[in-house]
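**Q** As you go down the protein sequences, you meet chains A and B in turn. Counting in our numbering, the first sequence runs from 129 upward without gaps. Counting in our numbering, the second sequence runs from 129 upward without gaps.
2 protein chains.
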Amino acid sequence: MAVNATAAALLGLLRDGAASGYELAQRATAELGDFWTVTRSQVYRELTGLADQGLVEVGQTGARSRREHRLTASGRVAFREWLAAEPGADVVRIPLLLRLAFADELDPARLRELVSTQRAAHAERLARYRELEAAALATGGTDRDLVTLRFGLRYEEAVLRWFDEELGPGGWVSGRRG
Amino acid sequence: MAVNATAAALLGLLRDGAASGYELAQRATAELGDFWTVTRSQVYRELTGLADQGLVEVGQTGARSRREHRLTASGRVAFREWLAAEPGADVVRIPLLLRLAFADELDPARLRELVSTQRAAHAERLARYRELEAAALATGGTDRDLVTLRFGLRYEEAVLRWFDEELGPGGWVSGRRG
DNA sequence: CAATGGACCGTCCATCGTGGACTGTCAAGG
DNA sequence: CCTTGACAGTCCACGATGGACGGTCCATTG
């Protein structure tokens, strides 16, 4: 019973208790959000497949068409199988870099604008992560709980450093050098 | 004439001269590869759309079914428009983090294995980037040419630091804590 | 009390992205 | 001459994204 990463993630989330598709989409956003996005459409499609394979059990339709999904025994097995499988490669797509690669044809003022907007977005994210880290530490979070968050922290720190070194004052975006 | 990022990238690549779809796919891999992947299927699909909109001109079919694509005047305009538009958000998908988020159900030995394999892959990438940087500097590359490469460098450096701080000896993957 | 806005729940669709299988053509070298 | 491999394009299945849409239930507030 091989499942793809997104389906496996749903199985993983279902360990915390049965849930509707809607609820699973929310859990996914809350718990995986920044390093593994899952859309609502995605959730329902995968859930259908998982049900077909008997990896989740679907309950009766309740109020507001709610259908509760429960992890089955074979679902748990499939989840563990996936967990031990080799993870795929990272996917990183940076629209700003694409523009920078072609920036020779872009008005310098507009370029500076784009850069500063993007930088601000990253700064905001970093601030958010720092708050989350502080909150987690305050409530006794372990390193184990913080690994993924720390990845985000390191990432945003690195990106900001890159902005300042390459695109900041003295960098080619603000003039002077070639 | 609004175009998506991938189509725009093709227009950008076509500034370097007319090309077949095959050739464009190669240019894309060589010049954008690591921060904006474009597959062959993608290239042909987008090229069809661009031709329909008159943004590229398709020449006669030559040897080996080769069809040369040329950037048109309106194609150039569309490219500039896209260039000045607001870039979308970064997409970052890290399969390893997904596993770490669920790692409580994974055999610790297997976990260490996964982590070390992934770390090695990143180390290799970093080494490659460093070589590219040295080569670029040696042949008189400007900061402008290096911006995107430097992004990759900062990224890989940060990721490796993260590996060593969070998952290395003393981190929860190798035992002791958490 | 009524109504109304907002959370909840699911469906559908268009478009984009990825990778592999497949067919065929031409050129170069053994 | 003939085989290998780069060149060139097609097709398909699947995964991912985001928006539009339809409906239901509940709490607040007018």
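Ideal Cβ positions, reconstructed from N, Cα and C, are used throughout, including at glycine.
Buried or exposed for VAL205/A, please, with buried defined as at least 16 other CB atoms from any protein chain shown within 10 angstroms of its CB.
**A** Looking at its Cβ environment, which holds fewer than 16 other Cβ atoms inside 10 Å, VAL205/A is exposed.
**Q** Please determine, among GLU151/A, LEU228/A, LEU175/A, the residue with the shortest C-alpha to C-alpha distance to TRP210/B.
**A** The shortest Cα separation from TRP210/B among GLU151/A, LEU228/A, LEU175/A belongs to LEU228/A.
**Q** Give the straight-line distance between the Cα atoms of THR245/B and PRO236/B, rounded to the nearest whole angstrom.
**A** Taking the straight line from one Cα to the other gives about 14 Å.
**Q** Label GLU241/A either buried or exposed according to how many other C-beta atoms from any shown protein chain fall within 10 Å of its C-beta, with 16 as the threshold for buried.
**A** When all chains shown are included, GLU241/A counts as exposed.
**Q** From ALA264/B to ARG253/B, what does the alpha carbon distance come to, in whole angstroms?
**A** About 16 Å.
**Q** Along chain A, in chain order, which residues have C-beta atoms closer than 8 Å to that of VAL159/B?
**A** Here residue 159/B is Glu; the residue named in the question, Val, does not match the sequence. ALA229, listed in chain order.
**Q** Got a sec: which bits of the region 268–282 of chain A sit with their beta carbon under 7 Å from any beta carbon on chain B, in order along the chain?
**A** Flagged, chain order: THR270, ASP271, ARG272, VAL275, THR276, ARG278, PHE279, ARG282.
**Q** Roughly how many whole angstroms lie between the Cα atoms of GLN371/A and ARG194/A?
**A** Lying before the first or after the last residue shown, residue 371/A is absent from chain A, which here runs from 129 to 306.
**Q** Counting beta carbon pairs with one atom in the region 167–176 of chain B and one in the region 213–223 of chain B, are three or more of them shorter than 8 Å?
**A** Taking 8 Å as the limit for Cβ pairs, the verdict is that the region 167–176 of chain B does not touch the region 213–223 of chain B.
**Q** Which residues in chain A have a C-beta closer than 8 Å to the C-beta of GLN154/B? List them in chain order.
**A** Result: empty, since nearest Cβ-Cβ is about 16 Å, beyond 8 Å.
**Q** Using the three-state DSSP reduction, which class does VAL131/B fall into: helix, strand or coil?
**A** Coil, per DSSP.
**Q** What residues in its chain sit with their C-beta under 7 Å from that of VAL184/A, if we drop five residues either side in the sequence?
**A** Within the same chain, VAL184/A has close Cβ partners LEU142, LEU175, LEU178, HIS197, ARG198, LEU199, THR200, GLY203.
**Q** Excluding five sequence neighbours on each side, which residues of the same chain lie with their C-beta closer than 6 Å to the C-beta of ARG304/B?
**A** With a pLDDT of only 49 at ARG304/B, under the threshold of 50, the placement of this residue in the model should not be trusted; the figure read from the coordinates follows. For ARG304/B, where only same-chain residues beyond five positions count, there are no Cβ hits under 6 Å.
**Q** Determine the chain B residues that contact LEU254/A at a beta-carbon separation under 7 Å, and present them in chain order.
**A** Chain B residues near LEU254/A: none, gap ~12 Å exceeds 7 Å.
**Q** Quick check: the region 283–300 of chain B against the region 280–293 of chain A, are there 3 or more CB pairs under 8 Å?
**A** Output reads yes: the region 280–293 of chain A touches the region 283–300 of chain B.
**Q** How far does the beta strand (DSSP E) with LEU199/A in it reach, from first residue to last?
**A** First-last of the beta strand (DSSP E) with LEU199/A: 195–199.
**Q** Would you report the Cα separation of VAL166/B and ALA191/A, rounded to the nearest angstrom?
**A** Distance between the alpha carbons of VAL166/B and ALA191/A is about 45 Å.
**Q** Kindly indicate which three-state DSSP category GLY280/A falls into: helix, strand or coil?
**A** The answer is helix: DSSP assigns GLY280/A an H, G or I state.
**Q** Taking 9 Å as the CB-CB limit, is ARG247/B close to chain A?
**A** So no, ARG247/B is outside the interface.
**Q** DSSP state of ARG143/B, grouped into three classes?
**A** DSSP places ARG143/B in coil when its eight states are reduced to three.
**Q** CB ASP162/A to CB VAL220/B, shorter than 9 Å?
**A** Cβ distance < 9 Å, so ASP162/A and VAL220/B count as in contact.
**Q** Taking the straight line between their C-alpha atoms, what separation do you get for THR134/B and GLY149/B?
**A** If I take the Cα positions, the gap works out to 13 Å.
**Q** For GLY140/A, which residues in the same chain have their Cβ closer than 7 Å to its Cβ, ignoring the five residues on either side in sequence?
**A** Taken in chain order, the residues that qualify are PHE207.
**Q** Using the three-state DSSP reduction, which class does THR245/A fall into: helix, strand or coil?
**A** Correct three-state label for THR245/A: helix.
**Q** What residues from chain A crowd round VAL186/B, counting only those whose CB sits closer than 9 Å?
**A** Near VAL186/B there are no residues of chain A at all, since even the closest Cβ is about 22 Å away, more than 9 Å.
**Q** Check whether chain A comes within 9 Å of PRO236/B, counting only Cβ atoms and requiring the distance to be less than that.
**A** No, PRO236/B lies away from the interface with chain A (no Cβ there is under 9 Å from its Cβ).
**Q** Anything in chain B within Cβ reach of ARG208/A, meaning under 8 Å, just list it in chain order.
**A** Per Cβ cutoff of 8 Å: GLU233, LEU234.
**Q** Let me know the alpha helix (DSSP H) ranges lying completely inside the region 198–222 of chain A, each 4 residues or longer, listed in chain order.
**A** Segments of the alpha helix (DSSP H) lying fully in the region 198–222 of chain A: 201–212.
**Q** Under a CB-based cut-off of 9 Å, is VAL131/B close to chain A?
**A** Cβ-Cβ to chain A under 9 Å: no for VAL131/B.
**Q** Quick one: Cα of ALA262/B to Cα of ASP271/B, how far?
**A** Straight-line Cα distance between these residues: approximately 12 Å.
**Q** Please check if any C-beta of chain A sits within less than 9 Å of the C-beta of ARG289/B.
**A** Yes, because at least one Cβ of chain A sits closer than 9 Å to the Cβ of ARG289/B.
**Q** Give a yes or no on whether 9 Å exceeds the smallest Cβ distance from LEU178/B to chain A.
**A** It does not; no Cβ of chain A falls within 9 Å.
**Q** Can you tell me whether DSSP reads GLY187/A as helix, strand or coil?
**A** Reduced to three states, the DSSP call for GLY187/A is strand.
**Q** With burial defined as no fewer than 16 other Cβ atoms inside 10 Å of the residue's Cβ, what is the status of THR276/B: buried or exposed?
**A** Under this definition THR276/B is a buried residue.
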